[in-house]
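**Q** One structure is given below, represented as structure tokens, and several questions about it will come after.
Residue numbers (my numbering): 15 to 97.
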């Protein structure tokens, strides 16, 4: 388990999905989300098969926020280039 941090402050736990299998599985079938779920690399996401709404935050290579999208189940995010 990793940590999502700002400066020296821990903001949340972070689960990192870096393999194709982990990214493919994602949050499908989960009834709740605790902390952050990091997809690397990722230019867009979908919420098909999910039971909860999510906030998708697309970041550049340096961790700068490019776009934030609130998504209900059964939706597809816009493609965010450079994410």
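Don't be surprised by glycine CBs; every beta carbon is placed ideally from N, CA and C.
Would you kindly check if the distance between the Cβ of residue 79 and the Cβ of residue 91 is under 9 Å?
**A** One-based indexing of the chain shown puts residue 91 at position 77. One-based indexing of the chain shown puts residue 79 at position 65. Contact: no.
**Q** Do residue 66 and residue 44 come within 9 Å of each other at the CB atom, strictly closer than that value?
**A** For the purposes of this step, residue 44 is identified with residue 30 of the chain shown, where counting begins at 1. For the purposes of this step, residue 66 is identified with residue 52 of the chain shown, where counting begins at 1. In this structure, residue 66 lies closer than 9 Å to residue 44 by Cβ.
**Q** Label residue 59 either buried or exposed according to how many other C-beta atoms from any shown protein chain fall within 10 Å of its C-beta, with 16 as the threshold for buried.
**A** To locate residue 59, count along the chain shown from 1; it is residue 45. Flag for residue 59 reads buried.
**Q** Using CA atoms only, rank isn't needed, just tell me which of 72, 86 and 54 is closest to residue 93.
**A** In the chain shown, the residue the question calls residue 93 occupies position 79. Looking at the Cα atoms, 72 is the closest of the given residues.
**Q** The beta strand (DSSP E) that contains residue 20, what's its start and end?
**A** The residue labelled residue 20 in the question sits at position 6 within the chain shown. Here the beta strand (DSSP E) through residue 20 covers 16-20.
**Q** From residue 33 to residue 88, what does the alpha carbon distance come to, in whole angstroms?
**A** As a working note, residue 33 is residue 19 in the chain shown. As a working note, residue 88 is residue 74 in the chain shown. So the two alpha carbons sit approximately 23 Å from each other.
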